[in-house]
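Undergrad:
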Amino acid sequence: MRQTKKMVIAAMFAALACVATMAIRIPTPGTGGYIHPGDAVVILCGIFLNPGAAFLAAGMGSAMADLLGGYFLYVPITFVIKGLVAFLAGHAFRRLSGHLKNRTVAVAICGLIDVALVAGGYCFCESFIYGTAAAFASVPANLIQGASGLVISTALFPLLAAVPDMKRMMAAR
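Positions -22 to -1, 1 to 151 (mature numbering (1 follows the signal peptide of the UniProt record, and there is no 0)) are the ones given, in order, by the sequence shown.
(1) Tell me which same chain residues have a C-beta within less than 6 Å of the C-beta of lysine 60, skipping the five on either side of it?
(2) Using only the alpha-carbon positions, how far apart do leucine 45 and glycine 11 sit?
(3) Roughly how far, in whole angstroms, is the beta-carbon of alanine 125 from the beta-carbon of valine 85, given that I think they are within contact range, below 8 Å?
(4) I'd like to check one pair, aspartate 17 with leucine 128: are the Cβ atoms closer than 9 Å?
(5) Please report the straight-line C-alpha distance between leucine 27 and methionine 148, rounded to a whole angstrom.
(6) Roughly how many angstroms separate the alpha carbons of leucine 78 and serine 131, rounded to a whole number?
(7) Which partner residues of proline 5 appear in the DSSP bridge assignment?
(8) Tell me which residue opens and which closes the alpha helix (DSSP H) that alanine 140 is part of.
(9) Quick check: the Cα distance between phenylalanine 65 and glycine 89, rounded to an integer number of angstroms?
(10) Under 6 Å Cβ to Cβ from phenylalanine 71, same chain only, skipping five residues before and after it: list those, please.
(11) Could I get the ranges of all uninterrupted alpha helix (DSSP H) runs contained in the stretch 30 to 104, with 4 residues as the minimum, in chain order?
(12) Looking only at its chain, what residues have a beta carbon closer than 8 Å to the beta carbon of alanine -12, apart from the 5 residues adjacent to it on each side?
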């Protein structure tokens, strides 16, 4: 696949991460945050894009949602956490898909990486901003957010994997 086409698909993933994060927001009481389906796109970035492009697309798309949504303090935090989720999910998928017959199971395992990094990463960063008690209070909402990403990405993977260009992208990694 040509480099230009890969760049366009990565940019589309970034835009989709932003839109998926902003389109459906379920407010989480007491945290000031919200639960959204954007994590599914972050996981899928790691699976379909090369690691560097996945980090940038997921990080930039998710950070853009925070910027546009008024969560300015979270922009750099989100960029790093979501970028790492995509990067590590992609590496895990590549290793697991060679050992598992069902690649959808590999996607679900990648979703567990999302759950751990989102809950742990935001808790760690928020402990410096709001204090330990407030940071730990946000963990349940972040676990739910990560779990929703796991479920949605696992459901979407077979559909996207059937698209010829996406098949070629996975094969080219």
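Beta carbons are placed, not taken as given, at the ideal position from N, Cα and C, and that holds for glycine.
TA: Answer, in terms of the structure:
(1) In the sequence shown, the residue the question calls residue 60 occupies position 82. Within the same chain, lysine 60 has close Cβ partners Val20, Ala36, Gly37 and Ser40.
(2) Translated into positions along the sequence shown, residue 45 becomes position 67. Translated into positions along the sequence shown, residue 11 becomes position 33. Taking the straight line joining both Cα atoms gives about 13 Å.
(3) Residue mapping note: residue 125 aligns to position 147 of the sequence shown, counting from 1. Residue mapping note: residue 85 aligns to position 107 of the sequence shown, counting from 1. Alanine 125 to valine 85, Cβ: 14 Å. No contact.
(4) Translated into the one-based positions of the sequence shown, residue 128 becomes position 150. Translated into the one-based positions of the sequence shown, residue 17 becomes position 39. Yes, Cβ-Cβ distance for leucine 128 and aspartate 17 is below 9 Å.
(5) Within the sequence shown, residue 27 is the residue found at index 49, counting from 1. Within the sequence shown, residue 148 is the residue found at index 170, counting from 1. So the two alpha carbons sit approximately 7 Å from each other.
(6) The residue you call residue 78 lines up with position 100 of the sequence shown. The residue you call residue 131 lines up with position 153 of the sequence shown. Near 17 Å, if we compare the C-alpha coordinates of serine 131 and leucine 78.
(7) Mapped onto the sequence shown, residue 5 falls at position 27. Beta-bridge pairing links proline 5 to Tyr12.
(8) Taking the first residue of the sequence shown as position 1, residue 140 is located at position 162. Taken as a continuous stretch (DSSP letters only), alanine 140 belongs to no alpha helix (DSSP H), as it is neither H nor E.
(9) Here residue 65 refers to the residue found at position 87 when the sequence shown is read from its first residue. Here residue 89 refers to the residue found at position 111 when the sequence shown is read from its first residue. So the alpha carbons of these two residues sit roughly 12 Å apart.
(10) Start at 1 with the first residue of the sequence shown, and residue 71 comes out as number 93. Once the five neighbours on either side are set aside, the close Cβ partners of phenylalanine 71 are Ile25, Ala84 and Cys88.
(11) 53 to 75
(12) Within the sequence shown, the letter at position 11 stands for residue -12. Listed in chain order, the non-local C-beta contacts of alanine -12 below 8 Å within the same chain comprise Ala35, local neighbours out to five positions each way being set aside.
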